[in-house]
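For the sequence shown, this note's numbering assigns the number 4 to the initial residue and increments by one for each residue that follows.
We treat Cβ as the ideally placed atom computed from N, Cα and C, and that holds for glycine.
Report on the structure given below.
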Amino acid sequence: MKNLLKEKIRRGENCVGTFVELGHPDVTEILSRQGFDWLLIDGEHSPMSLETIERLIQSMSGADCTPIVRPQWNDLVIIKRILDLGAHGILVPWVNTKEEAEAAVAACRYPPEGIRGWGPRTASRWDPDYRETANDEILVSVQVETQKSLDNLDEIMDVEGVDSCYVGPWDLSNNLGFSVPPNYDNPRFMGAIEHVLKISDDHGKPAGLWCNMDNIAWAVSKGFRFNTVASADSLLSYGAKEALKRARG
Numbered sequence: 004m005k006n007l008l009k010e011k012i013r014r015g016e017n018c019v020g021t022f023v024e025l026g027h028p029d030v031t032e033i034l035s036r037q038g039f040d041w042l043l044i045d046g047e048h049s050p051m052s053l054e055t056i057e058r059l060i061q062s063m064s065g066a067d068c069t070p071i072v073r074p075q076w077n078d079l080v081i082i083k084r085i086l087d088l089g090a091h092g093i094l095v096p097w098v099n100t101k102e103e104a105e106a107a108v109a110a111c112r113y114p115p116e117g118i119r120g121w122g123p124r125t126a127s128r129w130d131p132d133y134r135e136t137a138n139d140e141i142l143v144s145v146q147v148e149t150q151k152s153l154d155n156l157d158e159i160m161d162v163e164g165v166d167s168c169y170v171g172p173w174d175l176s177n178n179l180g181f182s183v184p185p186n187y188d189n190p191r192f193m194g195a196i197e198h199v200l201k202i203s204d205d206h207g208k209p210a211g212l213w214c215n216m217d218n219i220a221w222a223v224s225k226g227f228r229f230n231t232v233a234s235a236d237s238l239l240s241y242g243a244k245e246a247l248k249r250a251r252g
């Protein structure tokens, strides 16, 4: 396999994706051909089954857009099945310690580097080199969502095989006892954001942020290089409102 997103990260490029929580393959087929570097198929907060996630990944075939999946949890069995469906990487929620980061990496790698079981059903169907390349090409990103993850971030980012971290600002703000949605004018919340950027920069690994269309430019200017902007839901809503505004006008 060849992970185009991971190659862009290695080159230091700014990579932009969007969230997909709508479970129809037309969604990923269309979005993957709009210029996004990656799509984040969300298995944590959406109602999608593994069968649906497989179809969404398959519909991206032939596009220069990388399918990344957020599993429900940092769980070996769930991660194994997601990778077997053809995902090129995972965004792992709620990683709070070095040990949890190591477990996520191990779940993504075949022995002797990890503990992933063999059976890459869809992933290797048309890829005779999958076994030889998967360990190097699978991308592992960890989410920063709690004070504990902030406290342990230096150790987490030091784990070999962790390629990036990603801030879930709503959960982070909520778990720090601040407002939801997050208040970026809050000095303590911004201190947490600056901490993430410094630690990730110290380790030469990109940090990402969940963004909307209003703050994506700000995030890039701050140094976030592994971002998502909006979501399939919000893009659908935005497009409908814009079309209606022009039609009514």
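Using alpha carbons as the reference points, say which of G65, L179 and P184 lies closest to R191. Position 188 of the sequence shown, counted from the start, is the residue given in the question as residue 191. Shortest Cα-Cα distance from R191 to any of G65, L179 and P184 involves L179.
Candidates V98, R58 and L156: closest to Q75 by CA position: Taking the first residue of the sequence shown as position 1, residue 75 is located at position 72. Ranking V98, R58 and L156 by Cα distance to Q75 puts V98 first.
Whole angstroms is fine: what's the gap from E105's alpha carbon to N215's? What you label residue 105 is simply residue 102 of the sequence shown in a count that begins at 1. What you label residue 215 is simply residue 212 of the sequence shown in a count that begins at 1. C-alpha separation (whole angstroms): 31 Å.
Rounded C-beta distance between G92 and I141? I'm assuming under 8 Å. Against the sequence shown, residue 92 aligns to sequence position 89. Against the sequence shown, residue 141 aligns to sequence position 138. The pair is a contact, with the Cβ atoms about 6 Å apart (cut-off 8 Å).
So which of D132, V143, S52 and L153 has the shortest CA-CA distance to K5? Here residue 5 corresponds to residue number 2 of the sequence shown, with the count starting at 1. Of the candidates D132, V143, S52 and L153, D132 places its Cα closest to the Cα of K5.
For V170, I'd like the list of residues in its chain whose CB is within less than 6 Å of its CB, leaving aside the five on either flank, ordered along the chain. By one-based count along the sequence shown, residue 170 stands at place 167. Excluding residues within five positions, the ones whose Cβ falls inside 6 Å are V147, V199 and L212.
Could you name the residues that DSSP lists as bridge partners for V2? Because residue 2 is not part of the residues shown, which for the chain are 4 to 252, the question remains open.
Measuring straight from C-alpha to C-alpha, what distance separates W41 and N230? Your numbering for residue 41 matches position 38 in the sequence shown. Your numbering for residue 230 matches position 227 in the sequence shown. It is roughly 9 Å from the alpha-carbon of W41 to the alpha-carbon of N230.
Kindly identify the DSSP beta-bridge partner or partners of P70. For the purposes of this step, residue 70 is taken as residue 67 along the sequence shown, with counting starting at 1. Note: P70 is bridge-paired with L42 in the DSSP secondary-structure output.
In this structure, what does DSSP give as the bridge partners for V232? Locating residue 232 in the sequence shown gives position 229, where the first residue counts as 1. In the DSSP assignment, the residues bridged to V232 are C214.
Compare the beta carbon distance of K201 and I159 with 9 Å and say whether it is the shorter of the two. Residue mapping note: residue 201 aligns to position 198 of the sequence shown, counting from 1. Residue mapping note: residue 159 aligns to position 156 of the sequence shown, counting from 1. When the beta-carbon positions are compared, K201 and I159 stay at least 9 Å from each other.
Kindly indicate which residue of S203, G252 and S240 has the alpha-carbon position closest to the one of R228. Translated into positions along the sequence shown, residue 228 becomes position 225. Residue S203 is the option with its Cα nearest to R228.
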